[in-house]
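Taking it in order: structure first as structure tokens, then the write-up.
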Amino acid sequence: MIKVALSGINGRMGQMLLKAVLAAPDMELSAALGHSGSSAIGKDAGVPSGITTGVTVTDDIESLRDCDVLIDFSRPEATLTYLPVCAASGTAVVIGTTGFTAEEKKTLEAASESVPVLLAPNTSLGVNAVFKLIEEAARLLSDVDVEIFEMHHRNKVDAPSGTALEMGRRVAQARGQNFDEVAVLSREGHTGPRKNGTIGFAALRGGDVVGKHTVIFAGTGEQVEITHNSTTREGYAQGALTAARFLSTKDKGYYSMSDVLGASR
451 MIKVALSGIN GRMGQMLLKA VLAAPDMELS AALGHSGSSA IGKDAGVPSG ITTGVTVTDD
511 IESLRDCDVL IDFSRPEATL TYLPVCAASG TAVVIGTTGF TAEEKKTLEA ASESVPVLLA
571 PNTSLGVNAV FKLIEEAARL LSDVDVEIFE MHHRNKVDAP SGTALEMGRR VAQARGQNFD
631 EVAVLSREGH TGPRKNGTIG FAALRGGDVV GKHTVIFAGT GEQVEITHNS TTREGYAQGA
691 LTAARFLSTK DKGYYSMSDV LGASR
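Using the numbering used here, the letters of the sequence shown map in sequence onto residues 451 to 715.
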């Protein structure tokens with residue numbers, strides 16, 4: 451039985467993960483973490499969903515020491531707080547949190563020398579399959595313009611989304627480009643003509659949209675579009691559980707969802 455800790459437990463993703471863990475025959479919920487000062491602290495982890503789990507929400511990160519894996523969908527600052535405890539106690543970490551700086555990612559890599567760490571801008575198996583399709587399209591359509599569109603719910607705090615940025619990185623890598631040099635993250639005003647080889651982004655926010663991403667390969671007289679549309683968060687949750695199972699077989703290392711997909715073939 452894999453003992454699972456969940457962070458960001460009071461959010462929509464946290465509650466979706468909670469339900470998925472409770473339904474999984476090979477997992478048990480061992481800890482539920484909320485941020486200090488949250489009204490959820492001291493209450494049952496299932497309160498927002500109207501269910502009883504027997505696990506109380508806590509801000510005590512020492513609770514991670516008794517868990518096999520942490521599934522973390524929170525904020526970068528919270529993740530970096532959890533990481534030292536996980537590294538010291540041998541608790542594997544599945545990170546679905548986005549928005550890490552380059553220096554913060556180095557901290558994640560350093561922790562992976564002690565425990566298995568998986569960083570995924572998106573844990574959906576469908577999205578990660580789309581990443582592979584995008585790479586192939588970028589190689590085959592190497593001379594056309596690429597634009598990436600994404601839309602999320604009104605409460606999402608970062609833009610472009612981590613998934614959209616990863617899509618751009620996959621395109622750039624497949625074309626032998628430096629992503630930071632070709633990415634155009636926003637446009638306004640008199641921008642002039644589009645520069646060849648750049649990768650453009652457009653981010654929309656509104657309503658309760660879970661997540662929609664489209665990569666457009668725009669050539670002369672034709673366009674190819676690759677789209678992934680999430681109608682619920684269940685795909686993210688199931689992918690995170692698949693990643694947790696994958697990490698439970700590892701002693702240490704720095705992994706991605708591509709490693710998980712490769713192992714499941």
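Where a beta carbon is used, it is the ideal one built from N, C-alpha and C, also for glycine.
Extent of the continuous alpha helix (DSSP H) run through residue i
i, result
"residue 533", "526-539"
"residue 687", "684-697"
"residue 582", "575-590"
"residue 645", "Residue 645 -> no alpha helix (DSSP H), and no H or E assigned at all."
Close Cβ partners of residue i (< 8 Å) along its chain, the five nearest in sequence each way excluded
i, result
"residue 488", "460, 507 and 509"
"residue 628", "622"
"residue 476", "451, 452 and 695"
"residue 499", "465, 468 and 469"
"residue 462", "683"
Bridge-paired residues (DSSP) for residue i
i, result
"residue 609", "Bridge partners of residue 609: none, in fact."
"residue 491", "Answer by DSSP bridge pairing: none, since residue 491 is not bridged."
"residue 655", "602"
"residue 468", "According to DSSP, which records beta bridges pairwise, residue 468 is partnered with nothing at all."
"residue 664", "599 and 677"
"residue 461", "The partner list for residue 461 (beta bridge, DSSP) is empty, contrary to what the question assumes."
"residue 453", "478"
"residue 633", "649"
"residue 711", "Per DSSP, none; premise fails for residue 711."
Three-state secondary structure (DSSP) of residue i
i, result
"residue 546", "coil"
"residue 511", "helix"
"residue 566", "strand"
"residue 474", "coil"
"residue 675", "strand"
"residue 621", "helix"
"residue 505", "coil"
Proximity of residue i and residue j at Cβ, strictly below 8 Å
i, j, result
"residue 515", "residue 539", "yes"
"residue 721", "residue 520", "Any answer about residue 721 is impossible in this case: the structure gives the chain only from 451 up to 715."
"residue 685", "residue 575", "yes"
"residue 598", "residue 614", "yes"
"residue 662", "residue 679", "yes"
"residue 541", "residue 707", "no"
"residue 505", "residue 518", "no"
"residue 457", "residue 479", "no"
"residue 553", "residue 581", "no"
"residue 606", "residue 655", "yes"
"residue 726", "residue 502", "Only positions 451 to 715 of the chain appear in this structure, which leaves residue 726 out of reach."
"residue 619", "residue 585", "no"
"residue 512", "residue 535", "yes"
Neighbourhood of residue i by C-beta, 7 Å cutoff - its chain only, sequence neighbours within 5 removed
i, result
"residue 470", "687, 688 and 691"
"residue 592", "625"
"residue 641", "none"
"residue 577", "613 and 678"
"residue 583", "676"
Neighbourhood of residue i by C-beta distance below 6 Å, restricted to the same chain and skipping five residues each side
i, result
"residue 634", "648 and 650"
"residue 603", "658 and 659"
"residue 549", "526 and 608"
"residue 561", "533, 537 and 567"
"residue 590", "none"
"residue 664", "599, 675 and 677"
The beta strand (DSSP E) enclosing residue i, as first and last residue numbers
i, result
"residue 627", "Taken as a continuous stretch (DSSP letters only), residue 627 belongs to no beta strand (DSSP E), as it is neither H nor E."
"residue 554", "No beta strand (DSSP E) contains residue 554, which is instead part of the alpha helix (DSSP H) from 552-561."
"residue 640", "Per DSSP, residue 640 belongs to no beta strand (DSSP E) and is neither H nor E."
"residue 522", "519-522"
"residue 703", "703-705"
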